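One structure is given here, and the rest of the page talks about it.
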Ligand SMILES: Cc1cc2nc3c(=O)[nH]c(=O)nc-3n(C[C@H](O)[C@H](O)[C@H](O)COP(=O)(O)OP(=O)(O)OC[C@H]3O[C@@H](n4cnc5c(N)ncnc54)[C@H](O)[C@@H]3O)c2cc1C
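Numbering (this note's numbering), first residue to last: 33 to 467.
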């Protein structure tokens with residue numbers, strides 16, 4: 033195969049949109065707004081829809097308002113990896129919050145993954161859910177030593193089932209010469225995020241929740257007994273409001289906007305890869321990520337015909353045609369056999385980081401939020417959406433460990449992360465030095 037040159041990089045039917053949309057195109061629900069509801073939810077991703085399901089099931093009139101199409105945010109754009117989601121370690125969390133809360137936080141991570149598995153089973157959502165496990169590849173020897181120590185020490189809270197893959201065995205997991213072994217986390221699941229979102233949307237509609245798309249909320253004003261939301265389709269009054277906007281949080285809710293850091297993440301899908309080559313490069317069905325600070329995450333598509341390869345490839349936000357060649361270069365660096373394989377899809381979306389790298393839930397006088405999943409929201413957004421929906425509906429089962437953590441911002445931060453480009457540049461240098 034020849035190296036795909038820049039002009040020949042894209043397939044003739046290339047799409048600058050998520051691969052998942054081929055099978056599950058974004059849906060629009062356009063209708064007039066009711067004048068008054070019990071609970072209004074802003075955002076129709078996993079958080080908003082899971083919240084709405086709980087509120088509607090508890091008998092509250094519930095309206096989900098979405099700026100664009102349903103799931104237009106991250107919830108139909110992600111890689112579909114479903115892990116236990118919490119980034120800081122037990123030691124870090126214990127230092128910050130004490131051992132008891134640290135334990136509860138990590139258990140929430142496990143609960144989020146299990147919640148999605150239960151939900152798709154109970155609701156009969158066909159979304160290619162399965163549990164292939166995850167191979168966490170070490171990009172340098174030092175990283176392998178860290179992973180080995182972690183993998184060989186029993187986890188203080190969770191039964192991870194993790195096992196170490198020594199450098200000499202890397203090729204049993206992945207057909208690359210560039211990783212120095214790694215660790216397998218066998219409980220990591222994966223799914224097709226578009227089909228999953230479609231199933232959650234159908235469940236929400238079946239519970240009686242109303243969903244109106246193409247309807248950005250422009251302002252939110254407190255009134256006696258509730259809120260008035262001014263939207264592109266008119267005004268609506270709600271007793272309570274749930275903010276479920278994550279990386280797309282905007283001016284309508286400035287308090288929340290000051291607390292989340294939107295960061296673009298980008299994915300490509302390759303053209304169809306020869307089946308024998310796919311089996312050589314991906315000898316197991318696992319999803320993959322690596323130990324770099326600027327992490328790459330990837331997997332075969334559910335039909336094992338394409339590779340979906342994601343990461344952060346630019347200092348500033350960029351568009352899919354620009355991110356694609358950079359992702360493809362990294363893919364080919366890892367798997368030289370893929371030189372010449374063209375790209376059929378390229379897209380990106382905004383994840384929400386937080387200053388303490390934890391997700392947050394909370395409320396203030398009728399205004400509820402769940403957000404800040406730090407790039408791991410398939411499980412957590414679903415789970416904390418469910419919890420915050422229960423809190424707003426005032427039914428049991430709403431409490432989470434995250435209610436007990438203050439949601440902090442930083443002085444002078446208004447929602448535009450001016451510090452992102454220098455932080456990414458530094459992390460890249462550290463990744464290169466380590467490699
Ligand atoms: C490229 C990429 C890959 C990822 N891969 C993974 C992965 O493999 N595993 C994982 O766990 N997580 C992954 N994530 C993260 C995960 O997808 C998100 O954390 C999760 O989908 C968040 O769901 P959400 O409902 O909170 O937010 P979103 O799905 O982003 O929904 C928020 C919605 O709010 C709407 N909105 C915003 N403002 C307003 C307004 N004023 N009025 C009305 N509507 C509004 C937006 O249009 C948007 O649809 C990835 C994200 C990206 C971008």
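Note that CB positions come from ideal geometry on N, CA and C, so glycine has one too.
Owing to the predicted nature of the structure, the values given are computational and were not obtained by experimental measurement.
Pairwise C-alpha distance: residue j and residue i
{"i": "residue 65", "j": "residue 146", "result": "35 angstroms"}
{"i": "residue 378", "j": "residue 437", "result": "36 angstroms"}
{"i": "residue 330", "j": "residue 396", "result": "39 angstroms"}
{"i": "residue 241", "j": "residue 322", "result": "40 angstroms"}
{"i": "residue 304", "j": "residue 337", "result": "5 angstroms"}
{"i": "residue 374", "j": "residue 209", "result": "22 angstroms"}
{"i": "residue 260", "j": "residue 252", "result": "6 angstroms"}
{"i": "residue 443", "j": "residue 387", "result": "12 angstroms"}
{"i": "residue 315", "j": "residue 163", "result": "16 angstroms"}
{"i": "residue 457", "j": "residue 300", "result": "22 angstroms"}
{"i": "residue 344", "j": "residue 405", "result": "16 angstroms"}
{"i": "residue 255", "j": "residue 286", "result": "18 angstroms"}
{"i": "residue 294", "j": "residue 207", "result": "33 angstroms"}
{"i": "residue 239", "j": "residue 97", "result": "16 angstroms"}
{"i": "residue 426", "j": "residue 384", "result": "27 angstroms"}
{"i": "residue 159", "j": "residue 237", "result": "18 angstroms"}
{"i": "residue 148", "j": "residue 224", "result": "13 angstroms"}
{"i": "residue 376", "j": "residue 59", "result": "22 angstroms"}
{"i": "residue 139", "j": "residue 117", "result": "10 angstroms"}
{"i": "residue 202", "j": "residue 320", "result": "12 angstroms"}
{"i": "residue 46", "j": "residue 279", "result": "26 angstroms"}
{"i": "residue 424", "j": "residue 264", "result": "25 angstroms"}
{"i": "residue 61", "j": "residue 41", "result": "36 angstroms"}
{"i": "residue 369", "j": "residue 453", "result": "32 angstroms"}
{"i": "residue 33", "j": "residue 362", "result": "With a pLDDT of only 34 at residue 33, under 50, the local geometry of the prediction cannot be trusted, and the value read off the model is given with reservation. One C-alpha to the other measures close to 17 angstroms."}
{"i": "residue 36", "j": "residue 258", "result": "Confidence at residue 36 is low in this model, with a pLDDT of 48, below 50, so the placement of that residue is unreliable and no value is reported for it."}
{"i": "residue 126", "j": "residue 157", "result": "37 angstroms"}
Residue i: CB within 6 angstroms of a non-hydrogen atom of ligand 1
{"i": "residue 291", "result": "no"}
{"i": "residue 98", "result": "yes"}
{"i": "residue 147", "result": "no"}
{"i": "residue 156", "result": "no"}
{"i": "residue 447", "result": "no"}
{"i": "residue 106", "result": "yes"}
{"i": "residue 410", "result": "yes"}
{"i": "residue 470", "result": "Past the edges of the chain, shown from 33 to 467, lies residue 470, and the structure says nothing about it."}
{"i": "residue 405", "result": "yes"}
{"i": "residue 143", "result": "no"}
{"i": "residue 228", "result": "no"}
{"i": "residue 94", "result": "no"}
{"i": "residue 231", "result": "no"}
{"i": "residue 152", "result": "no"}
{"i": "residue 280", "result": "yes"}
{"i": "residue 297", "result": "yes"}
{"i": "residue 113", "result": "yes"}
Proximity below 7 angstroms, CB of residue i to CB of residue j
{"i": "residue 230", "j": "residue 79", "result": "no"}
{"i": "residue 248", "j": "residue 99", "result": "yes"}
{"i": "residue 403", "j": "residue 292", "result": "yes"}
{"i": "residue 288", "j": "residue 392", "result": "no"}
{"i": "residue 174", "j": "residue 211", "result": "no"}
{"i": "residue 82", "j": "residue 342", "result": "no"}
{"i": "residue 102", "j": "residue 245", "result": "yes"}
{"i": "residue 120", "j": "residue 389", "result": "yes"}
{"i": "residue 318", "j": "residue 180", "result": "no"}
{"i": "residue 70", "j": "residue 92", "result": "yes"}
{"i": "residue 192", "j": "residue 217", "result": "yes"}
{"i": "residue 447", "j": "residue 250", "result": "no"}
{"i": "residue 394", "j": "residue 439", "result": "yes"}
Nearest residue (CA-CA) to residue i, options the options
{"i": "residue 106", "options": "236, 285, 226", "result": "226"}
{"i": "residue 130", "options": "460, 433, 181", "result": "433"}
{"i": "residue 89", "options": "133, 255, 250, 422", "result": "422"}
{"i": "residue 196", "options": "205, 102, 183", "result": "183"}
{"i": "residue 262", "options": "245, 284, 279", "result": "284"}
{"i": "residue 351", "options": "43, 84, 50, 44", "result": "50"}
{"i": "residue 367", "options": "410, 187, 313", "result": "313"}
{"i": "residue 112", "options": "68, 339, 429", "result": "339"}
{"i": "residue 123", "options": "151, 216, 189, 228", "result": "189"}
{"i": "residue 213", "options": "357, 205, 199, 133", "result": "199"}
{"i": "residue 302", "options": "359, 461, 278, 419", "result": "359"}
{"i": "residue 43", "options": "412, 455, 439, 357", "result": "357"}
{"i": "residue 334", "options": "154, 310, 411", "result": "310"}
{"i": "residue 298", "options": "308, 266, 332, 349", "result": "349"}
Inter-residue CB distance, residue i and residue j (contact presumed, cutoff 8 angstroms)
{"i": "residue 144", "j": "residue 415", "result": "4 angstroms"}
{"i": "residue 325", "j": "residue 136", "result": "At roughly 27 angstroms, the Cβ-Cβ gap does not stay under 8 angstroms, so residue 325 and residue 136 are not in contact."}
{"i": "residue 75", "j": "residue 270", "result": "Their Cβ separation, rounded to whole angstroms, is 14 angstroms, which puts residue 75 and residue 270 out of contact at 8 angstroms."}
{"i": "residue 381", "j": "residue 109", "result": "4 angstroms"}
{"i": "residue 272", "j": "residue 398", "result": "5 angstroms"}
Residue-chain proximity (residue i, chain C), Cβ-Cβ < 7 angstroms
{"i": "residue 148", "result": "Absence of chain C from the displayed structure is noted, only one protein chain being present."}
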